[in-house]
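Quick notes on the structure that follows.
Number of protein chains: 2
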Amino acid sequence: MSNKRVFSDRCDCEVIHEEVVNKVREKMPKEETLYDLAELFKVFGDSTRIRILWALDESEMCVCDIASLLNMTQSAISHQLRVLKQAKLVKNRREGKVIYYSLDDDHVRLICDQGMAHIKEG
Amino acid sequence: MSNKRVFSDRCDCEVIHEEVVNKVREKMPKEETLYDLAELFKVFGDSTRIRILWALDESEMCVCDIASLLNMTQSAISHQLRVLKQAKLVKNRREGKVIYYSLDDDHVRLICDQGMAHIKEG
DNA sequence: AACACATATGAATTATTGTTCATATGTTCT
DNA sequence: AGAACATATGAACAATAATTCATATGTGTT
């Protein structure tokens, strides 16, 4: 076990286990990748969006229906659907005036299920 | 297919597919559960915390090591570790002055992996 | 007991983000 | 073309949260 101590730039304390830190550093994904991952989870990290995702897992729905279901304004829902779409979590199709939203892929359900499993253990 | 239209409280538009909405409403988990789920994902939704989780997946580490690895202050890391611990995503053990943090359960990895899978498809 | 060190924490500041309000876009129907 | 409706969007406001700074706590060492 190494106990060398090295000052780093912005850390006000010292590295205690340099070897471990170096080993872990090598295995870390690119900064950018982890940033993107955090951005993805940020999308799941809002109760309005989670409720939308959960609802769409049951059935495709139009914006008004979702707004009514969640008792929120059409505008608020529309803004959130945009966020979900940018994250490629939902897709939509148009049928006349009405736009139907649905889940875009299976990861959504898997991620939610894992999250639920964690909560239920509490 | 039902096309009844009903005004709802706070929605500025009308329910278009009442049956669908009612069916979905029945299947929705309790409001509180989905709130908790969102709170969980919120914890994953920060790049500092995601990097900490990823690092701890490689090896248990002390606070200084993590601070050094991520080039951040000890204080910032400590604050985030508290958030992670409250969410039961990490645990710690003391060895003298040093406190080692590690992942608390397997969901962390599974959730991260699903998230990564989603990103990589993009 | 005094000191050094690893970590934790409270308050302040800055940054980010969700919702609202007003309005714009795009579609259907007459 | 104009009216009605479903949805989208930009700006403003309010709420939340991440980091910093100063300092406190807890442990080991001399």
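Protein chains in written order, with my numbering: chain A, 1 to 122; chain B, 1001 to 1122.
Glycine included, every Cβ here is placed at the ideal spot set by N, Cα and C.
Note that the structure is predicted; figures quoted are calculated from it, not measured.
Starting from the Cα of R1049 (chain B), find the closest Cα among A:C62, A:E31, A:A55 and give me that residue.
Closest option to R1049 (chain B), Cα to Cα, is A:E31.
So the candidates are B:S1078, B:V1021, B:F1041, B:E1019; which of them puts its Cα closest to the Cα of I1052 (chain B)?
When only C-alpha atoms are compared, the closest one is B:S1078.
List the endpoints of the continuous beta strand (DSSP E) containing E1095 (chain B).
Its beta strand (DSSP E) spans residues 1090-1095.
Closer than 7 Å, Cβ to Cβ, to anything on chain B: give me those residues from the stretch 72-100 of chain A, in chain order.
Result list: M72, T73, Q74, K88, V98.
Using the beta-carbon count (16 or more within 10 Å), is S68 (chain A) buried or exposed?
Label assigned to S68 (chain A): buried.
DSSP beta-bridge partners for S1102 (chain B)?
B:K1091, per the DSSP bridge assignment.
Based on DSSP bridge pairs, tell me the residues matched to C64 (chain A).
Paired residue(s): none; C64 (chain A) is not in a bridge.
Which residue comes first and which comes last in the alpha helix (DSSP H) that contains N22 (chain A)?
Looking at the DSSP string, the run of the alpha helix (DSSP H) that includes N22 (chain A) is 18-27.
Run through chain B and tell me which residues come within less than 8 Å of L103 (chain A), C-beta to C-beta.
Chain B residues near L103 (chain A): none, gap ~12 Å exceeds 8 Å.
Between S8 (chain A) and chain B, is the shortest Cβ-Cβ distance under 9 Å, so that the two count as touching?
Residue placement at S8 (chain A) is flagged as unreliable, the pLDDT there being 38, under the threshold of 50; the coordinate-derived value follows with that caveat. Judged by the 9 Å Cβ criterion, S8 (chain A) is in contact with chain B.
Would you kindly report the start and end of the unbroken alpha helix (DSSP H) that includes T1048 (chain B)?
Looking at the DSSP string, the run of the alpha helix (DSSP H) that includes T1048 (chain B) is 1047-1058.
Can you grab the Cα-Cα spacing for the pair A1055 (chain B) / V24 (chain A), in whole Å?
Using only the alpha carbons, I get a separation of about 6 Å.
Expressed to the nearest angstrom, what Euclidean distance is found between the alpha-carbon atoms of V1020 (chain B) and M61 (chain A)?
Going from the Cα of V1020 (chain B) to the Cα of M61 (chain A) covers about 8 Å.
Would a C-beta distance cut-off of 9 Å place A138 (chain A) and L40 (chain A) closer than the cut-off?
This structure does not reach residue 138 (chain A), given that chain A is present from 1 up to 122, and the question cannot be answered.
Could you tell me whether any Cβ in chain A is nearer than 9 Å to the Cβ of K1030 (chain B)?
No, K1030 (chain B) lies away from the interface with chain A (no Cβ there is under 9 Å from its Cβ).
Work out the CA separation of I1016 (chain B) and F1007 (chain B) for me, nearest whole Å.
Below a pLDDT of 50, predicted positions are generally treated as unreliable, and F1007 (chain B), at 39, falls in that range; the measurement from the model is reported next regardless. Computed Cα separation, rounded: 10 Å.
Going by DSSP, which residues form a beta bridge with V1043 (chain B)?
In DSSP, V1043 (chain B) forms no bridge with anything.
So the alpha helix (DSSP H) M1116 (chain B) belongs to, where does it begin and stop?
Its alpha helix (DSSP H) spans residues 1107-1121.
Residue range of the alpha helix (DSSP H) that K85 (chain A) falls in?
It spans 74-86 - the alpha helix (DSSP H) in which K85 (chain A) sits, taken as one unbroken run.
Can you look up T1033 (chain B) in the DSSP assignment and give me helix, strand or coil?
Residue state, collapsed to three classes: helix.
Since A1038 (chain B) and D46 (chain A) are thought to touch, with beta carbons under 8 Å apart, how far apart are those beta carbons, to the nearest angstrom?
At roughly 6 Å, the Cβ-Cβ gap stays under 8 Å, so A1038 (chain B) and D46 (chain A) are in contact.
Using a threshold of 9 Å, state whether the C-beta atoms of M28 (chain A) and T1033 (chain B) are closer than that.
No. Outside cutoff.
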